[in-house]
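Trainee: Residue numbers (UniProt numbering): 1 to 246. Where is the CB? At the ideal position from N, CA and C, for every residue including glycine. Here the structure is a predicted model, which means the values were calculated and not measured.
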């Protein structure tokens with residue numbers, strides 16, 4: 001029989017694949033196909049439990065086939081109202097049940113009532129065998145479905161990586177635009193500051209020129225006033241001298 005494959009990726013959006021079963025119970029492989037809550041590890045736990053039936057079935061201590069053991073197990077679950085929160089727990093009880101010939105004999109001929117879908121609380125219910133499909137077909141179907149799940153997981157991972165790359169590039173672009181905008185603000189500030197400084201310097205030059213002209217005009221006025229004073233004083237002295245002489 002092909003080996004159990006435990007190293008598979010888990011994707012809750014993918015349908016659950018069938019599992020490896022003994023040759024006299026070919027349809028058991030569909031047991032976990034519709035269980036969306038099962039992880040690959042739980043599926044393999046049930047697969048191992050069913051596979052171990054091939055070692056017990058027909059042995060001296062357990063004179064029943066694997067199909068009979070599974071049928072009796074389902075009947076026992078329905079009769080006692082057994083429920084499980086995960087596949088690991090059901091797999092453990094399946095192995096224990098397979099080693100109890102008296103319990104198998106008690107429930108072997110019970111009719112299993114399949115509950116409505118809305119009322120189904122058991123994570124896994126192993127169906128009766130389907131003679132039209134051998135375990136190899138079921139196993140290959142399982143491999144195909146699980147390979148598709150792995151491929152879908154890889155595509156999803158690639159999509160996430162591409163989205164992360166786009167986000168990183170966009171962040172870099174936004175960061176570059178921010179730096180460029182800040183540089184433009186600083187450049188505009190430098191230009192405005194230079195224009196203001198140049199305007200102040202020009203006004204200072206104009207003010208210095210005006211002050212120089214004012215000083216020159218003041219000096220010229222002072223010299224002219226001194227000249228007029230000296231001239232007037234000379235005339236007064238001359239007139240006084242003439243008057244004294246006559």
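Going by the CB atoms, is the gap between residue 158 and residue 108 shorter than 7 angstroms?
Mentor: no
Trainee: How would you label residue 231, buried or exposed, when you count the other beta carbons within 10 angstroms and need 16 or more for buried?
Mentor: exposed
Trainee: Give the straight-line distance between the Cα atoms of residue 228 and residue 234, rounded to the nearest whole angstrom.
Mentor: 10 angstroms
Trainee: Within its chain, find whatever has a CB closer than 6 angstroms to the CB of residue 12; leave out the 5 residues flanking it on each side and keep chain order.
Mentor: Unreliable placement is indicated for residue 12, whose pLDDT of 36 sits below 50; no coordinate value is reported for it.
Trainee: Quick one: is residue 144 near chain B, going by C-beta distance under 7 angstroms?
Mentor: Going by chain labels, chain B is absent from the structure shown, which holds only one protein chain.
Trainee: Terminal residues of the continuous alpha helix (DSSP H) containing residue 110?
Mentor: Premise fails: residue 110 is in no alpha helix (DSSP H) and is neither H nor E.
Trainee: Less than 7 angstroms between the C-beta atoms of residue 98 and residue 69, yes or no?
Mentor: A Cβ-Cβ contact shorter than 7 angstroms links residue 98 with residue 69.
Trainee: Our contact map puts residue 110 next to residue 79 with C-beta atoms below 8 angstroms; I'd like the distance itself, whole angstroms only.
Mentor: 6 angstroms
Trainee: How is the alpha helix (DSSP H) around residue 70 delimited, first residue to last?
Mentor: Residue range 66-80 is occupied by the alpha helix (DSSP H) that includes residue 70.
Trainee: I need the straight-line Cα distance from residue 198 to residue 236, nearest angstrom please.
Mentor: 57 angstroms
Trainee: Which one of 85, 101 and 92 has the shortest CA to CA distance from residue 63?
Mentor: 101
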